[in-house]
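Report on the following structure.
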Amino acid sequence: MKNLKSLARTGGIAAVTALAIGSLAACSSSDNSTDGSSGAAADGSVYYLNFKPEVADQWTALAKEYTSETGVPVTVETAASGTYETTLKSEMGKSDAPTLFQVNGPVGLATWKDYAADLSGTAAYSHLVDQSMALTSDDGSQVLGIPYVIETYGIIYNKALLDEYFAADWSTVKSIDDLDNFAALKTVADEIQANKDALGVDGAFTSAGFDSSSDWRFKTHLANLPLYYEFKADGVTGQPATITGEYLPNYKQIFDLYITDSTTAPTLLSGKTIDDANSEFALAKAVFYQNGTWAYGDISGQSVADDDMGMLPIYIGVDGEENQGLTTGSENYWVINSQASEADQQATADFLEWVITSDAGRSAIADDMGFTTPFDTFGDYQSTNPLTIAANESLASGKTPVSWNFTVMPSEEWKNGVGNALLAYAQGTGDWSAVETAFVDGWASEYTLANG
Amino acid sequence: MIRTLRRWGWLFAGPTFLAFLVGFIVPFALGIYLSFTKFTTVTDSTWVGLENYSKILGDEVFVHSLWYTVAFTIVTTVIINVAAFAVAYMLTKAIKGRNLFRGVFFMPNLIGGIILGYVWLLLLNGVLAWWERSISFSEWYGFWGMVVLLSWQQIGYLMVIYVAGIQGISDEVIEAARVDGANNRQIVRRVMLPLLMPSITVCTFLTVTNGFKMFDQNLALTNGAPSRLSELLALNIYNTFYGRPGFEGVGQAKAVVFFVIVAAIAIIQNRLTTAKEVKA
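Chains A and U, in that order, give the protein sequences. Residue 357 in the UniProt record's numbering sits at position 357 of the first sequence; the count goes up by one each step and never skips. Residue 245 in the UniProt record's numbering sits at position 245 of the second sequence; the count goes up by one each step and never skips.
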């Protein structure tokens, strides 16, 4: 008995110390997963920390091809969805840090500006069709980030189901050409929702999931629209210190539509993931799905044929929105790590040049990954992604594309605040005024925090 | 003998000591240092003094996490210990197949927290779907979800400790109590429990620290949703460190505060329960 007792005491105290110290150690020690980029340092090597899980395999294959062609080792690691900043932060602390990584725009660049090399002498920069798209240092003397993919989002729709709707005797809107404003969109969605059994769907819109894999569609991408119209009306360029939230009632309108005419009860949204929304659309259980060109890989090859995928602008009920186009921009910028060795930086710049000029590189980017790029080298390599084609058609038809303004949103924290308030409103545990507060007041306080 | 030990002792203690130094002491010291600095990667930091600590004070989410974690720890400590003792008590009786039952109860403990979290997420959401709810509907759904999960995982583990403790009580003491006219209830309360205090010390220590430090299950089951309201302390620290650019140092400072709290509570708890230990 005595033994057990003293064992308990000493064991307990030792365990207190060990466990508690361990809790601290966990935050500071870098994990030692291998990245395999060491070796051959004399000639330089490339370590790319890829942002897009949906094209992870394609990048790995492309890296292998480059290595077999030139002998330069290229390692590609991909961060799991929603963990890029986390992974980047721990990877950058290692001795074999990424030589090439990504930022999502000016706000993201601010975090990593001490690690961004000047890219003005690189081929990737000289091949940009519009060099003003690149991210520069504050004084404009250095080029720090180069966009490599142009993306477009809107409301992806199922043409076959919509044609069925137009043909039905209970439908009011009879042609896709009439579907060019919020009122028409609402009519169509409401009628589809009311007759969902006739169409064989679960709802007009896919679930507006608020799991972290999906909530960016609303707190970031949808929030771009009220910001776009506000900036346009007030002539704002760059990042304003405060916003008025003038178009928040429009934001509410479209969000209400998403959660009312939906496959899913609003109280279930907190747990719904992007996979749920993808499968609902891919299996033709919903007609509309707010997402972008990058979603093609996740929704193709199931019940919806490529020819049946189209994309509508996100109408929020603003005057003159008949001419509004899709939302087009980039939040994917390549940055070369300025703290990597000279040889590695050069090797990385050479790799990028090869990616955008060689046949293998261009076909991988355009065909395998389905990207539209901002480079002048892609003349013959046009993406076969039907959503990209829809985006290009929209541009060609003379509609005004909506720009991506979420690159100037003050912080992730602001987006989270808006997202949390939106979810609470959707499931009925909060009201809309909280969204307004998070949107307007949150912007001011986060801006102050970030910019002193 | 002693001379040999003096000469060769380092050979045996050395490797472990080195591992302890590299694995615990160095990161611990580095961690404390980093809590006074501003940094993006841990290898590149500038000294800012107490600024990080002052930022913790105004952090409402952290304060919420703190009391939420305290509530969680109290609830799980009580439930798990009571249930583990009850199961252990039953499984030390002469019932058929008790070794099988012990094995079955212990098994959940062999599954990793993340996997367990995802499995329970499916189970709980599947049940809650009847009422059109999901686990992340409100902080209390998540709270009780985590309580169920942790209890399921830990009861079997603590049961093993209690079984060992109960078997360590000599039959003569129980026999003597029975001869003196004590009924079953009195035997449990007046004889077994006091003699089991060493086991209770270990078990409450484990449940209290596990409750405070819980991370994987929290991450997998709710990930703090909704609105970071179901975030336990460890996850809050993680999210501060990784989730907000410029707040790495604040996350580190929270980790230091967290260390002090856990160490203090564990030591107090140890004192309290060991003071109640008796000898047969």
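Each residue gets a CB set at the ideal place from its N, CA and C atoms; glycine is no exception. What you are looking at is a predicted structure, and each value in this text was computed from that prediction instead of being measured.
query	result
DSSP state of lysine 159 of chain A, grouped into three classes?	helix
Going along chain U in order, which residues have a C-beta closer than 8 Å to the C-beta of glutamate 331 of chain A?	Neighbours of glutamate 331 of chain A on chain U: none; closest Cβ ~16 Å, over 8 Å.
Using 10 angstroms around the beta-carbon of asparagine 332 of chain A, count the other beta-carbons present and answer buried if the total reaches 16, otherwise exposed.	buried
Which chain U residues sit within Cβ distance under 9 Å of leucine 423 of chain A?	Ser136, Ala225, Pro226, Ser227
So is tyrosine 47 of chain A in contact with chain U if we call contact Cβ pairs under 9 Å?	no
Run through DSSP, which three-state label would alanine 421 of chain A get?	helix
Counting only Cβ pairs nearer than 7 Å, list the residues of chain A close to glycine 156 of chain U.	None at all; the shortest Cβ gap to chain A is about 20 Å.
Once you ignore the five residues that flank alanine 347 of chain A on each side, which residues in its own chain have a CB closer than 8 Å to its CB?	Asp43, Gly44, Ser45, Val46, Val72, Thr99
List, in order along the chain, the chain U residues whose C-beta lies closer than 7 Å to that of threonine 86 of chain A?	Tyr242
Express the C-alpha separation of valine 61 of chain U and alanine 241 of chain A in angstroms, rounding to a whole number.	24 Å
Check this for me: beta carbons of serine 35 of chain U and valine 208 of chain U, under 9 Å apart or not?	no
Would you kindly report the start and end of the unbroken alpha helix (DSSP H) that includes serine 54 of chain U?	51-57
Taking a Cβ distance cut-off of 7 Å, strictly less, list which residues of the region 193-211 of chain U are near chain A, in chain order.	Pro198, Thr201, Val202, Phe205, Thr209
For methionine 309 of chain A, which beta-bridge partners are listed by DSSP?	A:Asn158
Restricting to Cα atoms, I'd like to know which of A:Ala56, A:Ser214, A:Asp319, A:Thr328 is closest to methionine 311 of chain A.	A:Thr328
Can you tell me which of U:Pro226, U:Val262, U:Phe241, U:Cys203 puts its alpha carbon nearest to the alpha carbon of threonine 273 of chain U?	U:Cys203
9 Å is my cut-off, CB to CB: does glutamate 60 of chain U come that close to chain A?	no
Taking the C-alpha atoms as reference points, what is the distance between glutamine 239 of chain A and threonine 220 of chain A?	15 Å
Expressed to the nearest angstrom, what Euclidean distance is found between the alpha-carbon atoms of tryptophan 10 of chain U and isoleucine 268 of chain U?	34 Å
Would glutamine 102 of chain A be called buried (16 or more neighbouring beta carbons within 10 Å of its own) or exposed?	buried
Can you grab the Cα-Cα spacing for the pair glutamine 302 of chain A / leucine 423 of chain A, in whole Å?	30 Å
Take valine 74 of chain A as the anchor and find which of A:Asp368, A:Thr260, A:Leu62 has the nearest alpha-carbon.	A:Leu62
Give every residue of the same chain whose Cβ lies closer than 6 Å to the Cβ of glycine 145 of chain A, excluding the five residues on either side of it in the sequence, and list them in chain order.	Val103, Leu109, Leu135, Tyr333, Val335
If you check the beta carbons only, do threonine 372 of chain A and serine 358 of chain A fall under 9 Å apart?	no
By a C-beta neighbour count over all protein chains shown, 10 Å radius and 16 as the cutoff for buried, is alanine 194 of chain A buried or exposed?	exposed
Asparagine 125 of chain U versus chain A: which residues are under 9 Å apart at the beta carbon?	Leu268, Gly271
Residue range of the beta strand (DSSP E) that serine 403 of chain A falls in?	400-403
I'd like the span of the beta strand (DSSP E) that includes residue 285 of chain U, first residue to last.	What the structure shows of chain U is the stretch from 1 to 280, and residue 285 of chain U is not part of that stretch, so it cannot be assessed.
Would you check if the region 113-122 of chain A and the region 61-81 of chain U touch, i.e. whether three or more CB-CB distances between them fall below 8 Å?	no
Counting only beta-carbon atoms, is arginine 3 of chain U nearer than 9 Å to chain A?	no
Apart from the five residues on each side of it in sequence, which residues of its chain come closer than 7 Å, Cβ to Cβ, to aspartate 308 of chain A?	Asn158, Lys159, Ala160
Just the chain A side, please: which residues come within less than 8 Å of arginine 190 of chain U by C-beta, in chain order?	The premise fails here: arginine 190 of chain U is roughly 17 Å from chain A at the closest Cβ pair, so nothing lies under 8 Å.
Which runs of the beta strand (DSSP E) spanning at least 3 residues fall entirely within the region 69-104 of chain A, listed in chain order?	74-78, 100-103
Roughly how many angstroms separate the alpha carbons of leucine 30 of chain U and glutamate 248 of chain U, rounded to a whole number?	13 Å
For asparagine 420 of chain A, return the contacting residues in chain U, with the cut-off set at a CB-CB distance below 7 Å.	Pro226, Ser227
Answer yes or no: do residue 283 of chain U and phenylalanine 212 of chain U have a C-beta to C-beta separation smaller than 9 Å?	Any property of residue 283 of chain U remains undetermined from this structure, which presents chain U solely from 1 to 280.
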